[in-house]
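Using numbering that gives the first Met the number 0, the letters of the sequence shown correspond one by one to residues 0 to 415.
Ideal Cβ positions, reconstructed from N, Cα and C, are used throughout, including at glycine.
What follows is a single structure, written as structure tokens, with notes after it.
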Amino acid sequence: MLHFDFRSRSDQSQIAGNEPFSILSSRARRSIERLEGDLAKERAVRRAFDFDATMSAIRSLPALFMSRASNLIAVRGPELSELWEREAAARADLASFKRQHGLDREAQEQHHAITSALLVTLIIVAETLLNIANFAEASAAGLLGGLYIAASISIINALSAICIAVPCWRFLHHRDRQTQYLGVAGLVAIGALVTLVNLVAGHYRARIEVDPVTAPQAAWEHFANHPFGISSVQAWLLTVIGIIGFAAITRKVFGSTDPYPGFGRVQRVWSEARADAIAVRGDVLREFESLFEAAERERQGLVASAQQSFSRYEESFGASQRLARRLAALQARAMRRARAVSSAAAAQTIGSADFGDPREEMDELRRVKVCLKRLSERDADAVKQELLQVFTAERRSLQELLDAQKSSFAVQEDRR
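Listed below in structure tokens is the structure:
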């Protein structure tokens with residue numbers, strides 16, 4: 000801390016006890032005491048300006064930033080390592096899958112999954128709404144029973160497409176010939192089964208129009224004798240809509256990922272693991288940059304605070320200078336009065352009282368200003384550049400650390 004030591008007058012009690020000083024008027028003594036008190040306050044203001052501590056805090060910011068960055072790596076590093084390890088394992092699984100199945104291409108990643116799900120839901124709802132009115136006539140529960148029957152048929156169509164037809168269709172793209180035959184057989188079987196279910200439902204719709212009470216039994220008998228003999232145009236239309244809905248769901252779900260069975264899944268697992276690792280890596284880098292921004296804001300605040308303190312110091316010096324001049328003038332008047340009422344010895348005693356010299360105040364201010372040049376804009380920019388250089392170097396080190404971490408897991412998985 001910079002301490003500004005100004006010479007002060009002799010101890011008040013000793014001076015007041017001197018006979019020569021006692022000849023001064025009480026008004027003069029009070030004025031001198033008041034001015035000295037004001038001077039002491041201004042000196043205390045200047046002593047409170049801790050220039051060294053401020054500059055030390057500014058210079059310590061790069062080291063503080065490096066410490067915070069190290070803490071960030073210590074906290075987020077294990078999480079990021081785990082994610083990169085998971086990504087490396089998923090990438091190894093993908094490479095192994097491609098080798099086992101003789102694939103030399105990249106998998107077609109899933110696109111528009113939400114759109115596919117919405118379309119499937121829309122088809123189920125549309126089929127249900129189209130059938131609910133017909134089935135409600137034959138149900139004892141009325142509209143609620145019709146909803147149950149219609150929804151059941153629509154859901155059966157959708158599940159048959161998703162759980163059986165789509166996997167069988169993917170088997171057609173398998174490199175193994177027997178698996179392809181299995182896919183063909185599965186598609187034929189599930190297609191025939193879904194067609195039969197919808198034909199039975201069509202006969203049921205047609206029988207409802209004739210007699211809702213005997214519709215279930217009559218529908219089975221008519222279907223057994225004449226599978227395609229649905230007598231109602233509306234029943235035929237709803238049957239065709241059901242089959243088309245099954246085909247549409249099969250096509251949409253099949254096209255949502257790679258046609259080769261299992262290829263899209265392993266590709267998706269790797270893509271998700273990679274996306275998670277990259278996202279966390281980006282978060283770490285953003286947090287790292289936030290640490291730098293916080294350090295820069297702290298530096299700007301310290302510089303601004305130091306400049307404000309120096310401005311306050313200059314104001315205090317001006318006030319002290321004016322007080323010292325007033326004190327010197329009061330001293331001169333006291334000496335003149337002492338000469339008029341006392342001896343030369345008394346005047347000499349009064350004149351030897353040290354009230355402070357404004358020239359010494361000026362010299363001290365110049366000395367402090369030389370020290371405070373380090374807080375100029377140029378020096379503040381130099382500190383800023385130093386902090387920026389440390390940030391750049393640390394960010395490069397962090398980038399290399401993250402890249403090396405990623406590469407190490409990749410090498411480990413490749414060796415396996």
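Should residue i be labelled buried (16 or more other beta-carbon atoms within 10 Å of its own) or exposed?
i      : result
SER180 : The sequence given here places Tyr at residue 180; Ser does not occur at that position. With fewer than 16 Cβ atoms within 10 Å of its Cβ, TYR180 is classed as exposed.
THR249 : buried
ARG395 : exposed
GLN266 : buried
ALA58  : Before going further, note that residue 58 is Arg rather than Ala in the sequence given. Exposed is the call here.
GLY225 : Looking at the sequence shown, residue 225 is not Gly but His. Counting Cβ neighbours within 10 Å, HIS225 comes out exposed, since fewer than 16 surround it.
LEU121 : exposed
ALA53  : For the record, residue 53 in the displayed sequence is Thr; it is not Ala. Buried, since its Cβ has 16 or more Cβ neighbours within 10 Å.
ILE113 : exposed
PRO61  : buried
ARG332 : exposed
ALA184 : exposed
LEU195 : exposed
ARG90  : buried
GLY244 : buried
ALA73  : exposed
GLY317 : exposed
PHE222 : buried
PHE227 : exposed
GLU78  : exposed
ILE152 : buried
ALA272 : buried
VAL119 : buried
GLY36  : exposed
SER308 : buried
ALA234 : buried
So residue i and residue j are in contact, right, with Cβ under 8 Å, and what is the actual spacing, rounded?
i      : j      : result
ASN130 : LEU237 : 6 Å
ARG325 : LEU71  : Contact doesn't hold; Cβ gap of about 58 Å is too wide.
ALA214 : ARG206 : 4 Å
SER315 : GLU41  : 5 Å
LEU38  : LEU329 : At roughly 12 Å, the Cβ-Cβ gap does not stay under 8 Å, so LEU38 and LEU329 are not in contact.
ALA305 : LEU63  : Their Cβ separation, rounded to whole angstroms, is 17 Å, which puts ALA305 and LEU63 out of contact at 8 Å.
ILE242 : VAL193 : 7 Å
TRP269 : LEU93  : 5 Å
SER230 : ARG204 : That belief does not hold up - the Cβ atoms of SER230 and ARG204 are roughly 10 Å apart, past 8 Å.
LEU290 : ALA150 : Not a contact, Cβ separation roughly 56 Å.
ALA157 : ILE123 : 5 Å
* Asked: What are the complete alpha helix (DSSP H) segments, minimum 4 residues, inside the segment 57 to 129?
  -> Within the segment 57 to 129, the complete alpha helix (DSSP H) segments at least 4 residues long are 60 to 99, listed from N- to C-terminus.
> Is there contact between the segment 214 to 231 and the segment 176 to 190, where contact requires at least three CB pairs shorter than 8 Å?
Replying inline: Touching, no.
* Could you say if the segment 92 to 104 and the segment 288 to 301 meet the contact criterion of at least three C-beta pairs nearer than 8 Å? => Cβ pair count under 8 Å is below three, so no.
_Within 8 Å, do at least three Cβ pairs link the segment 73 to 90 to the segment 270 to 280?_
With a cut-off of 8 Å, the segment 73 to 90 and the segment 270 to 280 count as touching, because enough Cβ pairs lie within range.
May I ask you to verify whether the segment 280 to 296 touches the segment 90 to 99, counting CB pairs closer than 8 Å and requiring at least 3?
Here the segment 280 to 296 makes no contact with the segment 90 to 99; the two share fewer than three CB pairs at distances below 8 Å.
ask   = Does the pairing of the segment 283 to 297 with the segment 146 to 162 give three or more beta-carbon distances under 8 Å?
value = These segments do not touch.
Self-check item: Segment contact flag, the segment 145 to 154 with the segment 121 to 129, C-beta cutoff 8 Å, min 3 pairs
Solution: Three or more Cβ pairs closer than 8 Å define a contact, and the segment 145 to 154 meets that threshold against the segment 121 to 129.
Which residue spans inside the segment 206 to 282 form an unbroken alpha helix (DSSP H) run of at least 4? Runs of the alpha helix (DSSP H) inside the segment 206 to 282: 214 to 224, 232 to 253.
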